[in-house]
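See below for the structure under consideration.
Protein chains in written order, with the working numbering: chain A, 37 to 233; chain B, 65 to 481; chain C, 178 to 844.
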């Protein structure tokens with residue numbers, strides 16, 4: 037940190053701002069969280085003592101489309117970050133909103149998928165496969181939802197802000213989070229849906 | 065120290081020479097300092113002493129660990145002496161504040177490499193023993209061991225070469241032939257337990273849904289104590305085991321007796337009345353092979369309908385065992401028990417095979433058990449908590465038997481030999 | 178207080194001096210105005226000051242230390258004689274579960290967090306941590322978690338599955354009370370404290386060091402704390418997953434550990450120990466750090482082989498991830514896994530040994546002053562060596578199958594955790610007390626405290642080596658005479674000795690508590706530099722001002738403070754004093770920064786944390802309650818997001834200052 041009060045608060049030993057470094061560390065921690073959940077799922081996905089098996093209920097085309105939507109949201113997030121760097125508050129807000137919308141579409145797809153699976157007989161307590169599937173994808177869904185809330189809050193705060201580009205660092209930080217959640221989904225989609233048991 | 069003898073296997077690799085030297089040095093140090101190890105080999109130690117192997121598997125472990133203990137002891141002494149010396153030599157006597165040296169890398173690296181080398185040597189030996197102890201291809205007799213809250217079931221699958229022509233199901237004591245490579249196949253019906261007879265081998269967890277193997281071999285006939293070592297709930301402390309090694313001839317006798325037909329008590333005796341109490345009460349959970357109902361049908365126990373974990377001890381030939389209630393209690397009075405436990409190995413078989421008779425029966429504990437089992441052994445037999453288990457008991461409930469029923473039952477149980 | 182005026186040169190301003198009055202916040206954030214109290218309980222409740230939070234962590238930890246200690250005494254009373262009747266089986270199982278849980282999660286970890294909070298910013302020349310409000314939130318989470326875990330005592334019985342909580346014994350059928358539910362949810366909440374604390378401290382250390390303080394000039398305590406925070410950062414999410422799985426099973430009927438449905442009970446063991454083994458180093462490394470500060474100070478020599486100690490600490494941090502299955506040698510992993518983990522475990526003994534060697538060589542050739550802090554530090558070196566060596570005996574996997582789950586293991590980890598972690602913490606108490614409170618703990622009482630603890634500790638845990646090798650398993654609510662033996666090593670005698678030892682230990686620790694009271698009542702102020710110390714935290718007043726340093730020092734040396742006081746005599750190479758501590762401090766004050774903005778107090782961390790136990794109770798008893806808790810948390814987050822970390826002048830009705838924010842960014 038700065039040696040005296042006359043220095044800029046954002047001069048740090050690493051050159052990274054505190055919030056960005058903090059977010060990187062948090063995401064490192066999240067890797068282990070999802071690592072644990074994914075391992076649990078991989079161990080249990082074939083253990084179906086009751087109810088449908090993965091092959092019987094997965095709807096790969098549908099999930100592929102919603103995965104694509106989520107991937108696209110990473111692109112719009114990049115555009116939001118770039119607009120924030122250019123102190124373009126209108127552009128930032130626009131792209132943040134689009135990102136949130138795409139994220140919400142994904143979560144909506146997940147809600148639809150969960151409902152469909154439930155109707156096909158796969159409940160949370162049906163089998164080890166059910167318990168671990170819903171836990172893993174549910175945790176991911178909660179992460180996306182938290183991301184959407186952060187995006188919308190950011191738009192709201194941005195609109196009240198009088199200084200253009202004053203939140204560019206926050207946009208970048210939430211961007212990191214958003215990309216992380218997307219990457220995790222790519223891993224989950226590959227391991228959970230694409231690789232056969 | 066000499067009771068440990070030499071290495072289980074001789075070989076001439078440089079490492080083993082080093083180890084033998086270290087071992088000798090360690091022994092000298094231990095003897096010289098009168099350290100615990102010397103006294104640790106006294107015969108009156110606790111029956112679960114881990115430093116008195118009574119079979120080749122435990123011996124292999126012991127031969128591996130003794131030098132490690134010795135080296136660790138030596139290092140501990142060196143460190144303590146050096147620190148004590150430094151404390152005395154460099155105490156503040158008004159000397160000036162010394163030069164601010166930041167270390168000597170060469171010394172540092174040397175002192176890092178030495179322990180690393182010692183550990184590398186230990187590692188090589190450890191590696192070999194791990195794989196030797198995991199062997200299953202030289203097995204001579206297989207016994208299935210199933211843990212359950214809070215007792216062990218021993219199931220001898222059919223093995224004609226041992227005269228086992230029908231499965232034998234027993235509990236309380238693991239009976240096995242001495243000088244024989246026995247392989248336990250362990251599993252559990254509820255939570256994780258761990259099978260441990262320190263004199264014969266290290267412990268191995270019995271995990272529900274998995275089968276783990278454990279080698280056991282006793283050099284001499286005798287009785288070896290053990291204890292469940294994975295925390296398994298309320299009566300974990302009371303889940304004991306005893307392994308009984310018999311000479312091969314005595315083991316054959318034991319097998320024959322276990323498979324002998326059921327002998328119903330004579331009509332008109334107290335024991336016969338006890339048999340009907342047993343049929344009314346106990347047979348819901350406890351199997352006695354060959355026991356018939358008054359209508360001539362075989363009485364088949366259904367513990368799976370009454371006990372959460374799904375089984376209750378099979379009581380066929382109960383009085384050939386020396387313990388009951390998961391080996392928590394002895395069936396023998398103290399004097400009779402001591403007679404068996406302290407018998408010389410040549411006489412042990414005959415004494416053990418004599419089983420339990422009326423004069424030796426530990427009648428007090430048995431009656432207390434029949435009167436109200438959960439009072440003498442903590443179990444989740446509280447009806448208030450049975451909702452979680454679909455009304456099934458965890459452990460033996462209080463049956464509310466009258467004293468006269470208990471008289472009859474004891475008389476009947478004494479006939480199960 | 179948000180805005181601190183430059184103190185008059187030469188004055189030694191105590192930390193709790195009331196700040197200038199008559200500043201009241203005008204704006205509200207989420208319905209609440211910013212708290213402004215600088216004295217009284219409110220100044221603690223809403224504080225974001227790392228020093229106050231450090232003390233709060235410490236006080237909480239000390240309270241739980243007493244709780245856990247009383248649990249231990251009850252355990253030893255029960256086991257003093259065969260067939261003990263002090264506790265029944267059910268209570269005994271709760272007691273040993275909660276003893277371990279309390280000591281690990283609610284004493285050693287928060288105590289280390291307290292020291293870290295207090296001293297890491299001071300040691301690196303910072304004015305606060307990177308995220309002060311998150312820091313406050315972490316403390317309140319810890320407190321909430323500790324309360325939730327212990328609440329079970331009054332609501333049907335505490336957790337009874339052992340601190341390792343192996344499945345399936347922790348499942349709803351085998352542990353029918355709500356104890357395990359409170360345990361999982363309470364630890365989940367306490368885990369948030371560890372995770373946020375880890376991120377906070379790592380960012381603080383990486384980003385906020387004083388100019389000139391390169392990583393290899395960082396005090397060793399800060400180094401060890403940094404390693405610990407990385408361990409926590411990656412270990413906490415793993416236990417989080419395990420706890421979630423168990424909560425989902427117990428509260429929502431998931432099947433994760435239901436063997437009948439095909440579950441594998443070893444899943445829990447792997448998840449638990451992947452967390453649990455790094456956790457062991459989380460417990461011990463802070464104490465290694467403490468004594469690596471104390472030994473050089475009282476040897477009047479720098480730490481021998483500083484880079485080796487740093488790298489061995491980091492090495493322990495890495496290899497610590499590859500040894501978890503040595504807790505499972507008896508679990509039936511198969512010989513290949515057992516062999517690999519056995520060798521990895523031996524490997525980790527090497528960097529640990531390096532530390533012992535370096536501490537010994539630090540004392541070698543020094544000028545040793547045997548203060549109480551020094552005694553505890555040397556005690557750690559010796560006792561930890563014993564524990565480390567017994568650890569080597571069970572890195573040998575076959576040997577471990579004879580030792581695991583016996584009292585030999587209990588002896589081993591009490592030598593490393595009591596003789597190691599706790600002796601280090603006590604060394605820290607005596608060493609840093611004058612820094613934290615401006616008064617020195619009584620050294621005479623301290624000496625009694627030390628010796629009674631050494632005797633009590635060895636009497637309690639020493640015999641457990643014998644008990645374990647004689648085959649007495651752990652976690653037994655009673656032991657029986659039938660398995661006790663008769664010789665010199667009979668279980669009866671040594672169990673009794675251990676129980677008597679635990680009482681001596683209790684007296685020893687009681688003396689420490691008495692010492693706190695005696696010290697608090699004493700009117701004697703500590704000198705500025707009572708120990709002739711070496712690192713930056715001593716280069717400020719006792720206790721430090723709220724803003725820590727009047728001007729941030731430029732660092733040129735490891736042991737910067739020492740080198741400002743002493744210079745080497747070119748002929749004899751011994752050191753001679755060139756400046757007193759007071760002179761060094763006066764120099765800093767002369768160059769004091771004009772305006773220093775400190776992060777402002779906030780209600781939101783407390784409000785946010787208070788929602789968590791509500792959620793926990795809701796999950797156990799009634800979901801609507803959990804929703805209420807969730808709403809409280811959402812509301813707190815809303816207020817938090819609106820509120821700037823450092824109050825701008827426009828918040829206040831008097832705007833006489835015009836400075837820049839320093840020391841911390843948004844949190």
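Note that beta-carbon positions come from the ideal geometry of N, C-alpha and C, so glycine has one too.
At a cut-off of 8 Å between beta carbons, residue 415/B makes no contact with chain C. Beyond the five residues adjoining it in sequence on each side, residue 226/B comes within less than 7 Å, by CB distance, of 205, 319 in the same chain, given in chain order. Secondary structure at residue 237/B: strand, using DSSP grouped into helix, strand and coil. Looking at the DSSP output, residue 396/B sits in a beta bridge with 425/B. Chain-ordered listing is empty here: chain A has no CB closer than 9 Å to the CB of residue 586/C, the nearest sitting near 26 Å. Rounded to the nearest whole angstrom, the CA to CA distance from residue 530/C to residue 179/B is 8 Å. Contact annotation for residue 116/A against chain C: no contact, minimum CB-CB distance about 18 Å [criterion: below 7 Å].
Of the candidates 652/C, 247/C, 647/C, 602/C, 647/C places its Cα closest to the Cα of residue 661/C.
Chain order gives the chain C residues near residue 272/B as 345, 436, 442, where near means a beta carbon separation below 7 Å. Annotation: residue 350/B has no Cβ neighbours in chain C at a cutoff of 9 Å; minimum Cβ distance is about 22 Å. Residue range 120-153 is occupied by the alpha helix (DSSP H) that includes residue 129/B. Taking the C-beta atoms as reference points, residue 319/C is found nearer than 8 Å to residue 237/C. Pairwise C-beta distances place the segment 287-299 of chain B in contact with the segment 251-263 of chain B, as three or more of them are shorter than 8 Å.
Between residue 91/A and residue 180/A, the alpha-carbon positions lie close to 25 Å from each other.
DSSP, read as helix, strand or coil, puts residue 252/B in strand. At a cut-off of 8 Å between beta carbons, residue 427/B makes no contact with chain C. When the alpha-carbon of residue 387/C is set against those of 372/C, 430/C, 321/C, 297/C, the nearest one is in 297/C.
In chain order, 54, 55, 58 make up the part of chain A whose C-beta sits under 9 Å from the C-beta of residue 308/C. Under the Cβ distance rule, residue 386/C counts among the residues neighbouring chain A, one pair being separated by less than 8 Å. Just measuring C-alpha positions, the residue of 389/B, 393/B, 301/B sitting nearest residue 653/C is 301/B.
With contacts defined as CB atoms closer than 8 Å, residue 331/B and residue 119/B fail to qualify as a contacting pair. Around the C-beta of residue 468/B, fewer than 16 other C-beta atoms lie within 10 Å, and the residue is accordingly described as exposed. Of all residues in the segment 788-799 of chain C, none is placed with a Cβ closer than 9 Å to any Cβ belonging to chain B.
A direct Cα-to-Cα measurement between residue 218/A and residue 396/C gives close to 40 Å.
Taken through DSSP and simplified to helix, strand or coil, residue 617/C comes out as coil. Within the DSSP bridge table, the entry for residue 269/B names 258/B as partners. The residue among 373/C, 535/C, 762/C with its C-alpha nearest the C-alpha of residue 170/B is 535/C. For the 8 Å CB-CB criterion, residue 160/A and residue 431/C form a contact.
Closest in C-alpha terms to residue 714/C, from the list 285/C, 303/C, 224/C, comes 303/C.
Annotation for residue 657/C: 259, 260 place their beta carbon closer than 8 Å to its own, counting only its chain and skipping 5 residues before and after. For residue 66/A, the nearest beta carbon of chain C is closer than 8 Å to its own beta carbon. By the C-beta criterion, the segment 104-115 of chain A is judged to be in contact with the segment 134-151 of chain A, since at least 3 inter-stretch pairs fall below 8 Å.
CA-to-CA, the gap between residue 272/B and residue 509/C works out to about 12 Å. Assigned with DSSP and collapsed to three states, residue 355/B falls in coil, not helix or strand. DSSP places residue 476/B in the uninterrupted alpha helix (DSSP H) bounded by 467-477.
Contact annotation: residue 321/C and residue 790/C have beta-carbon atoms nearer than 8 Å.
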